[in-house]
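Read through the structure below, which is laid out as structure tokens, and then see the notes.
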Amino acid sequence: MMILFETTTSTFTFFGFVIILFLGVESSSAALTVTAATSATSVAAATNKDTDDDHYYAQTTQQPEQYQQRMVDWLREHPKGFFNPSVQWKRLSRSDSDTDTDDTNANVNATGPYAMHALTDIPKGTELIKVPREYMLDSSNVCSVVQKLVEESYKVGHGNGNESSFVEPYVSYLFDTNNVGGTTPGLLPTSWSVKSQQILDLILDTSQEREEAVQEAVQGRLEPTHFHLRSVFDICSGNVYPNPPPHTNSDNNTSTPEQQAAHEQHIENAYLFYISRSWTNTMIPVIDMFNHRNGHHKNVEMTNADDSLLESSNKTMVAYALRDIKAGEQLVYTYNECLDTSCDYGGIKYLYTTQDLFRDYGFVELYPRRYVLGCGTKENNPLYDYTDDIFSGVFPFLLDEEGDYYIDDDSKIRSLKNRIEVFKTNFLRSLASPSSNYYGDYHGGDVLYGNDNDNNDSNNNNQNKKKKVFKWIFETPNSLTLRWIQEQLSRLQVIESKVHDDIATLRQQQQQQQHLLSSVRQKHSHNIQHEIDTISELYEGYIEVLTLALEHKNDPIGVTKEQFLQDVELE
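Under numbering that gives the first Met the number 0, the sequence shown has 443 at position 444, and the numbering climbs by one with no breaks.
Okay, here's the thing in structure tokens:
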């Protein structure tokens with residue numbers, strides 16, 4: 000039996016009423032749909048705004064970094080492009096990472112990652128960013144998108160420099176490691192340092208010895224059971240970029256072994272950017288820089304990505320305010336509850352969990368969280384008869400008619416199938432307080448400092464705010480599941496000292512790396528600090544969540560399968 004649960008703080012006010020569990024927000028899916036429709040109408044009105052008005056742009060605030068300003072200016076060059084002058088990137092503060100307040104504690108002295116913030120109060124439905132169709136990198140399959148990204152990147156400095164790229168501001172942000180505060184390769188677990196991956200194997204119980212000793216042991220491990228993604232060269236059979244690679248010797252069209260290795264790593268990096276930033280098979284510049292957060296923190300929604308891409312070349316992707324946003328709030332979007340086809344209009348909210356986000360984006364999300372736990376047996380499946388409908392209804396975008404995208408990546412499809420098995424058994428959702436860990440400079444929602452109490456009352460009862468509350472979904476756990484939870488918790492407690500020692504070794508490696516690196520960052524160096532922070536958060540999160548599962552083992556069922564199927568419109 001496998002279980003899924005969510006965690007957040009115990010109580011907060013949302014749209015005028017108090018909810019105890021995160022699911023209380025989700026259960027009102029019809030209301031959310033109406034909200035989205037209302038917001039979309041407001042966006043349509045906002046789109047008609049004369050954004051070329053001189054007075055309007057006179058209010059625009061300069062972005063703190065050159066690469067950010069270049070992308071803003073680039074968007075505004077297009078008649079249909081738009082970047083709201085009330086939006087600005089600000090750094091997040093490490094020192095305030097344990098306060099989780101709504102103003103997000105961004106300040107000029109902060110050293111954390113950049114995130115987009117509201118400079119002024121922004122009403123619900125207000126247009127934030129518009130990305131024209133021409134600015135997007137898309138194709139019918141992953142290999143074509145990666146090839147396009149590689150080709151464009153070589154036009155802007157990695158090749159012979161004789162061509163120009165229309166998307167140069169975006170690809171420079173991705174690949175130029177000299178960008179202060181920009182993105183960096185190596186943030187996904189599949190590209191971490193060897194030592195960090197060994198620690199992950201230890202925590203997740205994915206050792207080769209266990210795999211050989213126990214048949215189908217993968218069903219008993221912690222998720223993600225497979226964080227090693229296949230090489231893009233295996234997925235695309237090497238046909239990612241025309242050979243030979245960019246060369247320095249124009250006479251004989253050759254490159255050195257070092258250049259060939261750098262070329263191959265460059266392509267792998269492009270693939271990882273694609274994995275962590277794409278909407279199905281499409282990369283959408285600037286909009287992909289919104290951080291992730293669910294619950295009442297979420298304040299940004301998008302128009303339907305697929306509608307924008309497929310119907311007409313005149314379509315644009317629009318990001319708009321999902322609710323009223325206060326000045327100082329970080330602008331955050333959801334990666335698994337979005338109201339478009341890429342999330343099946345919220346249908347994957349029970350299936351694409353915290354563990355999946357960790358595998359595909361390289362961070363452990365702040366609360367609310369969802370975890371899948373259990374040994375994966377098919378006993379007592381409450382949704383067994385609905386499996387085919389659920390798979391086809393919730394995941395229509397995973398496998399297209401040609402079998403492209405996810406089917407080419409066996410590590411992700413295995414995890415998906417395991418999650419379907421999880422979905423066919425039972426789920427646990429818990430709500431717990433946000434963690435205070437700081438995760439590093441990843442673009443994708445790994446940090447948001449916001450208060451789970453909308454009133455920002457510093458005298459509010461912090462003990463109540465930190466209280467953990469669980470909610471079981473579909474079924475309560477059977478004895479086999481509870482035994483699995485206890486065994487995994489005991490195992491993690493036994494290895495605690497080793498995990499801490501291994502992290503200490505990682506810190507030594509980080510110091511050595513910083514000593515060896517020149518002022519110009521090496522392209523293929525690992526982000527050890529990010530790895531340390533994320534490993535710590537993953538380990539501590541599992542300890543907490545397994546403990547809570549045992550404490551709440553006798554709690555009643557919170558949501559039935561009928562309620563869920565109605566929510567995702569499968570009945």
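We treat Cβ as the ideally placed atom computed from N, Cα and C, and that holds for glycine.
From the listed residues Leu564, Asp355, Phe174 and Asn553, the smallest Cα separation to Gln264 is found for Phe174. In this structure the stretch 133-140 lies against the stretch 266-282, because at least three pairs of beta carbons, one per stretch, are closer than 8 Å. CA-CA distance, Met288 to Ala114, rounds to 8 Å. The closest CA to that of Pro78, considering only Arg90, His295, Thr315 and Val285, is found on Thr315. By the 16-neighbour rule on beta-carbons within 10 angstroms, Gln354 is buried.
Here the alpha carbon of Phe81 sits roughly 33 Å from the alpha carbon of Asn526. Only residues of its own chain outside the window of five on either side were considered, and among them Leu127 have a CB closer than 6 Å to the CB of Asn83, listed in chain order. Ranked by Cα distance from Arg482, the options Leu537, Asp501, Lys552 and Gln492 are led by Lys552. Taking all protein chains in view, the Cβ of Glu267 is crowded by 16 or more other Cβ atoms within 10 Å, so the residue is classified as buried.
For Gly540, the enclosing alpha helix (DSSP H) begins and ends at Ile527 to Glu550. In the displayed model, Leu372 falls within a strand according to three-state DSSP. Pairing Ile542 with Leu201 gives a Cβ-Cβ distance that is not under 8 Å.
Between Glu536 and Val371, the CB-CB gap reaches or exceeds 8 Å. In this structure, the alpha-carbon of His262 lies about 19 Å from that of Ile274. Thr315 sits in a strand when the DSSP states are folded into three classes.
Our two residues, Asp554 and Ala548, have alpha carbons roughly 10 Å apart in a direct line.
Beta-bridge partners of Thr281 (DSSP): Asp137 and Trp278. Between Leu203 and Arg220, the C-beta gap is smaller than 8 Å, which places the two residues in contact.
Annotation: Trp191 to Gly361 spans about 9 Å, alpha carbon to alpha carbon. Val299 places its beta carbon less than 8 Å from that of Ala318.
Your pair Pro223 and Asn293 does not check out as a contact, with CB atoms roughly 19 Å apart and the cut at 8 Å. Nearest to Asp500 by alpha-carbon distance, out of Gln511, Arg276, Leu338 and Gln197, is Gln197.
If you ignore the 5 residues before and after Thr504, its C-beta comes within less than 7 Å of the C-beta of Lys194, all in its own chain and listed in chain order.
Rounded to the nearest angstrom, the gap between the Cα atoms of Pro256 and Val155 is 22 Å. For Trp73, the enclosing alpha helix (DSSP H) starts and ends at Gln65 to Glu76. When secondary structure is reduced to three states using DSSP, Lys325 falls in the coil class, being assigned neither helix nor strand. DSSP places Arg490 in the uninterrupted alpha helix (DSSP H) bounded by Ser478 to Val493. In the displayed model, Lys123 falls within coil according to three-state DSSP, outside both helix and strand. For Pro284, the closest C-alpha among the options Gly373, Val544, Val231 and Pro168 is that of Pro168. Closest in alpha carbon position to Ser152, among Ile347, Gly346 and Tyr270, is Tyr270.
In the DSSP annotation of this structure, the continuous segment of the beta strand (DSSP E) that includes Gln87 starts and ends at Val86 to Arg90. Ala320 has its alpha-carbon roughly 36 Å from the corresponding atom of His225. Taking C-beta atoms as the reference points, Leu186 and His529 count as a pair closer than 8 Å. Pairing Leu488 with Leu564 gives a Cβ-Cβ distance that is not under 8 Å. Linking Tyr538 to Gly557 through their CA atoms gives a straight-line distance of about 27 Å.
Put simply, of Tyr172, Gly373 and Asp120 the residue whose alpha carbon is nearest the alpha carbon of Asp323 is Asp120.
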